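Presented below is the structure to which this report refers.
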Amino acid sequence: MRNETQVKKSGFEPKILAFCCNWCSYAGADLAGTSRIQYAPNVRVIRVMCSGRIDPTFILRAFQVGVDGVLILGCHPGDCHYIDGNYKTARRIHMLKKMLSQLGIEDDRLRLDWVSAAEGKRFASIINDMTERIRALGPFVR
Amino acid sequence: MSDVRIGIFVCHCGKNIGGVINVPEVTEYAKTLPDVVYAEHNLYTCSAEGISSIRQKISEHKLNRVVVASCTPRTHETLFRNACEAAGLNKYLFEFVNIRDQCSWVHMQEPEKATEKARDLIRMGVAKARLLEPLEEVEIRVTPSCLVIGGGVAGMSAALNLANQGFEVYLVERDKELGGLLLNLNRLFTINGKAEEVIIPLIERVKNHQKIKVHTSTEVKGVAGFIGNFDVTLDQKGEERKIKVGTIIVATGAEVLKPVGQYGYGDKSNILTQLELEERLNKGMGDEQNIVMINCVGARIPERPYCGRICCMVAIKNAVLIKENDPRAKVWVLHRDLMTYGTEFEKYYQKAMEKGIRFIRYSLDKPPEIVGNNKVKAVKVYHQLMGKEMVLPCDMLVLTTPLIPHEDNQDISRMLRVSLSEHGFFLEAHLKLQPVEFATDGIYICGCARWPTDVPEAISQACAASAKAVIPMRRGYVRPEAITASVNEDKCSGCGTCVLLCPYNAIELQSKDGKKLAHITTAQCKGCGTCGAACPSGAISMNHFRDEEILAQVEALVI
Amino acid sequence: MAKLKLACYWAASCGGCDVAILDLNERILQVADLADIVFWPIAVDFKHHDVEAMPDKSIDFCLFNGAVRNSEQEEIARLLRDKSKIMVAFGSCAHLGGIPGLANFNNRTQIFERAYLEAQSNDNPDKTLPQTSSKVSEGELELPEFYDTVKALNQVVGVDYYVPGCPPPVPIISKVIDAIASQKLPPKGSVFASDKSLCDECPRTKGEKKIKKLYRPHEIIPDPEQCLLEQGILCMGPATRGGCGALCIKANMPCRGCFGPLPSVSDQGAKMLSALASIYDIDIKDEVAMAQMVEEVVDIAGSFYRFCLPTALINRRRM
Amino acid sequence: MNNSVLIIGGGIAGIQAAIDSANMGFQVCLVEKSPSIGGRMAQLDKTFPTNDCAMCILAPKMIEAGQHANIKLLTYSEVLSVEGEVGKFKAKIKKKARSVDEEKCTGCGICIEKCPWKADSEFDAGMGKRKAIYVPFPQAIPNVPVIDREHCAYFLKGKCRACERFCEAGAINYDQEDEIIEVEAKAIILATGFDLYDPTPLREYGYGRIQNVITAMEYERLSSASGPTAGELKRPSDGKIVSDIAFIQCVGSRDVRSNRYCSSVCCMYGTKEAILAYEHRPGTKSTIFYIDLRAVGKRFQEYIQRAEDEYNITYIRGRPGNIELNRRNQNPTIWYEDTTTGETKSLEVELAILCQALIPPRDIQKTASILSIELDEYGFVKTPDGLSHPVDTTRAGILACGCVHSPKDIPDSVVQASAAAARAAEILSGGT
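Protein chains in written order, with the numbering used here: chain A, 86 to 227; chain B, 273 to 831; chain C, 83 to 401; chain D, 7 to 438.
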């Protein structure tokens, strides 16, 4: 559970965008819901059919409009409903992170992780962890 | 003024949403969003009342886009899409906003933050809804035949039910013989009938049924295609065969855990598992007088938290058989809870007690101890109810272990692109809504491959899986979701980047008046979007998840 | 028909675009017949105040090349916009920010320090840096303000047409001249190039888009017939507009993306990255291969945004 | 109706069997005794182990059944007789008069609002009231009210007629009469579910004597947002919102004095209701008295583990002896022996909940004689060859699924319902 003091002290509430894939991470997010696992309210989820659908353009556009952090949550390698969409995502995000570092965007602001349909708790902990990291980095000023 | 007319329906879901999120305020806010002409909130949008309200408001306010903010699209999107369709609105002009499972339920102690998040999510939903385009679903013929993987009691029951309804079945079994786990069982609870008396007739009926093609010592090597058109590669002792089926039922069963290293199993000669005891009972017992059984071996422990569901009954049945075989024998069953649920099992448990079988409850933190070096001589156990340590003489120690998933579930799950649960059994689409279906259309699951079950439950699940498989086969066609990719030939330069990315090889370069252009076979496309994201010319558009629609959501996130 | 008035200007660019106009060779005479050059600092001796004196919209069309890097260029860009009916962003720098746009990886302070303090050839003991105004005995000297961020022309003033290329190839320039001469101009905002990527006109044969490794152009001698990208050479062709006649490809060199992104693409770098990473055939669980992939695409941002950093979604490095 | 299936009982099992049969292209007639389909599940607030709300799982299926072209719904109806044999059954069904015209009624609910006469709500397990003209619950299908003629002033004393006055659709029709409908079917599926054991005979637990001793279904209604207290856990004696409660398992189950069998689901719904208490009021303390904690399904053990770790629930192995009333504060005091320690102790709580057994439907004898099928010793449907034909009954062509077959949880009921549909399909394709 996040502690309240941390939030009050800095006052900055990060706004984080998460792309979740319909079959695994989105289902994991729902499982966190049905298990009533409480987590930070700073993330807004956009559902896509597969993490392979996420075009790096969306991520750059997110930072451009002032999102503080972007989270990509796909199926664990091997679990992808579409066989290997997440493999391409892994390569794209890996290369994108290097490019973003050249553009002065801190590594923590973009994160790729895997959450299965059975990992509600894991989903919540990733959200909390990402929120605290972005809070530490402060707002994204273009 | 754009001709887009959006209607929003925000759900209270009783107190599930309304108890945390200020639904009326969020509904008022929704009215301020661009192109929103109508907004309302209701106690249960998914109720008949909610549904009829949607249909009514669509015609009343001439809505051409509908947004529902309530639970999760994974369970209720079809319901609301059908409501739109019933009101004459193309069902893809509908957007679902999840403000329960991913908002109210997970921010219960922060109502204002949850309300603010709900507002953002609705704004994003509306931003996408405004750009949604109507889509038509493609009708795909379904081959009226089914592949059943696994020739145990579940697989055979499913095959028979399908065949008796006139459908062609390919029953594939890895071993030389049909029968599965039941082949090496002695008797079955609760009627204590011989396992053979159940399994042999079943095998005969399967072998004699002209609609069932049995392939023993055969493995499924590869599965391609999609519901209605699965191209399956079978490997029968090295010889490959290709078959085409419309649906697939997974009935690969499970295996009994060998408790190596527990209670001295493996290095003491008179320690058996219940399965090994079955064979001894079948061939005839020795003169053992004192038999001790320990239940929950390797189950309900941190590494394997689940309860094996039927192992208690297996233990009690074998105990009863021992007593019936030799009334003088003393049998103790050491358990941590006796899972004899239901009418039949509880009655069987009472009968076992009447036969003098003694049940001793032990707790995980004080497990029984074995006395004896190369042979077990006695078992020390703290009798929880009597509150004292007891030493039980023991000629034979039987360890009751749970069913565990087959090692190669992983390969089957990869091959069929279906998921496993955290325990390693196959994961059904939804425990209550779709207990015997996978999230992937056209593939079904039954028997111990899904979860340890006894024979009647396995047969019920097999018939249920058959019922689900029969539905598309009887109808003859399926209309998969119209979420597919399409190529804009004015933009495509034929660079070929997309071709190898498609896991369903639905894309190929076709020459058109001298120029090479990418072509997508809609029927094969499952709409994952990998090609769309990679296309450097932006020539591939993902229906219902177009770049513009997703970018609109991204831009709407930050006002 | 009265002769048209033509203006050309050279902002933050290398001057190649001005020379490119001369590459028209004898067709430059046709330009002379067509229009009077009323302002072209490199070629004719009209001064700034001459332009200020002209009535608004009196210039028929202005070929503005170069990005906007300082206040003077901005001022003249605004001036020419007011004075011209048609404003043409001529060449990659005006169209996308061009090579000068790569300065957006740094800001003024870093650039001044490198140029005036750190550069080994400097002799600047007093560490003097250029100032927008400095007092000297003769009076006050002024210099234009050096912006932190380089901008493309359409980020400063309204642009009617874009002529891509570094420099724009002659056939494209002639097409522009013909269009202006015939007054048959495409819709406003058009780019004088193909709407399909270079691959559409690339003469090389295409097989399987799958690469194991990426080579620098000097590391291997590519097969002249086969697609360069498929041989492991980073070619921006798939993510770049065609229309240049694949000049570089024909010289056995990969495309570097100077014609900019395709019409429905808002970020050329992101799209090329997405395509390249997708066709990289390595196991994502192999950390070494993954690290190798990122190393092999030397200077990812520089390569993918070589000509268009100022017009990218993230158009400068965050300091 | 050539290829048709008659399904008796409109709970989750009946609905699932109807949907599957209809999707296979067969004609289905679904008969339901109460005014709306939905059955017991509609009364539940949440369902284990996922804790998603019961109505959210049930509503889509109810709507699909209500709108399916191949399904004919006969609610507020009973089966009078069944003749014929497998492949050629003929059933007579009495459709009781609702006194409301189903075609005209829009489900607006004004009649219910204006009706001044009240009666105990069966849906709310007697915890709340309903009007004489009523719809059992908000999401009822069909959403058409029924006039309860035993509590309607017009039918009792010929006055009032308020509902008729306010009904804009003119749907109220006091002269509507019962109707007898003939239905042919090749196969019949029995899915009439279960009733709940009334713990009054167990004098020691004081149900009916001590106000703050309630049954699990009463608790379910208290905790449901559409229930009498809109989800507030107010105890009957003084309406105080409770924060220290106890659950007693095996009330009427595994008991020689009542039912010797185990009702399969009480361990799980007891824990679920304890978790609901914590969710309504974080910090609420629950104690559960059990004999064997039977959590045998998928993710059930983890559910129990989380109940202990995160929802302040304590499990005590021991069946309580009796419950006494603490007169001063109306608190029930539970006397029990903790069999793991052997101590005899008492625990005072604000509310005691009896996890009552699932018993065969009260009219099962009548149903069995109408269908001429045999029942087992407990009154559930007898399956002659329980091993190989788990959903068959003693009469060819008649199948049984759900709790009428034996107590089971919702996932197993849904599986059995689809299995019954599959068996029926075999019969409809000429098999036996």
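Here a beta-carbon is modelled for each residue, glycine too, at the ideal position from N, C-alpha and C.
From a predicted model like this one, the values you see are computed outputs, not experimental measurements.
Item, Value
"Under 8 Å between C-beta atoms of B/V414 and B/L688", "no"
"The region 119–132 of chain C touching the region 814–821 of chain B, judged by at least three CB pairs closer than 8 Å", "no"
"Three-way DSSP call (helix, strand, coil) for C/P182 in this model", "helix"
"Complete beta strand (DSSP E) runs within the region 20–102 of chain D (minimum length 3 residues, chain order)", "33–37, 77–80, 83–91 and 94–101"
"Inter-residue CB distance, A/G118 and B/D373 (contact presumed, cutoff 8 Å)", "3 Å"
"Proximity to C/E154 [Cα-Cα], best of C/R323, C/S276, C/F386 and C/L225", "C/L225"
"Buried versus exposed, by CB contacts within 10 Å (16 or more), B/M625", "exposed"
"Closer than 7 Å at the beta carbon, the chain D residues around A/Q119", "Checking the sequence, you will find Thr at residue 119 of chain A rather than Gln. Under the 7 Å cutoff, chain D gives T56, N57 and D58."
"Neighbour flag for A/F143 against chain B, beta carbons, 8 Å", "yes"
"Proximal residues of chain B, C-beta to C-beta of A/H166 below 9 Å", "R689, V690, S691, A711, T712, K798 and C800"
"Under 8 Å between C-beta atoms of A/I131 and A/F104", "yes"
"A/Q91 at chain B interface by Cβ criterion, 8 Å", "In this predicted model, A/Q91 has a pLDDT of only 46, less than 50, meaning its place in the structure is not dependable enough to derive any value."
"Given D/R333 as reference, the closest of D/Y342, D/Y317 and D/V355 once Cα atoms are compared", "D/V355"
"A/N88 at chain B interface by Cβ criterion, 8 Å", "Model confidence at A/N88 stands at a pLDDT of 46, short of 50, so the residue's coordinates are unreliable and nothing is read from them."
"Nearest residue (CA-CA) to D/R46, options D/A427, D/S435, D/S419 and D/V189", "D/S419"
"Inter-residue Cα distance where the pair is B/H655 and B/R633", "6 Å"
"Euclidean distance between Cα positions of D/C111 and D/K135", "23 Å"
"Residue of C/N236, C/P212, C/G240 and C/D260 minimising C-alpha distance to C/E227", "C/P212"
"Supposed close pair B/A523, B/I421 - CB separation, criterion 8 Å", "6 Å"
"Buried/exposed call for A/E89, threshold 16 Cβ in 10 Å", "Low confidence applies to A/E89: its pLDDT is 47, below 50, so where it sits in the model is not reliable, and the reading given next is rough at best. Exposed is the call here."
"Residue range of the unbroken beta strand (DSSP E) whose run includes B/V835", "Since the first residue of chain B shown is 273 and the last is 831, residue 835 of chain B is not available in this structure."
"Exposed unless 16 or more other CB atoms sit within 10 angstroms - verdict on B/M585", "buried"
"Contacts around D/E4, its chain only, beta-carbon distance under 6 Å, and the 5 residues preceding and following it disregarded", "In the structure displayed, chain D extends from 7 to 438; residue 4 of chain D sits before or after that span and is not available."
"Per-residue contacts from B/P345 into chain A (C-beta, under 9 Å)", "N107, Y111 and R132"
"Closer than 8 Å to chain A by CB, D/E279", "no"
"Three-pair Cβ contact test at 8 Å for the region 269–281 of chain D versus the region 389–401 of chain D", "no"
"Any chain B beta carbon closer than 8 Å to D/F129", "no"
"CB contact below 8 Å: A/A175 versus chain B", "no"
"Beta strand (DSSP E) segment containing C/G351, residue limits", "No beta strand (DSSP E) contains C/G351, which is instead part of the alpha helix (DSSP H) from Q350 to I361."
"Endpoints, beta strand (DSSP E) assigned at B/H487", "I484 to H487"
"Through-space distance from D/R368 to A/R87, alpha-carbon basis", "Because the pLDDT of A/R87 is 43, which lies under 50, any placement of that residue in the model is unreliable, and the question is left without a value."
"CB contact check: B/S685 to chain D, cutoff 8 Å", "no"
"Within-8 Å CB hit, D/D107 to chain B", "no"
"Selected residue, minimal CA-CA separation from C/Q237, among C/R399, C/R400, C/M401 and C/L391", "C/L391"
"Counted within 10 angstroms of its Cβ, other Cβ atoms place D/T198 as buried (16 or more) or exposed", "buried"
"Beta-ladder partner(s) of B/N562, from DSSP", "B/K602"
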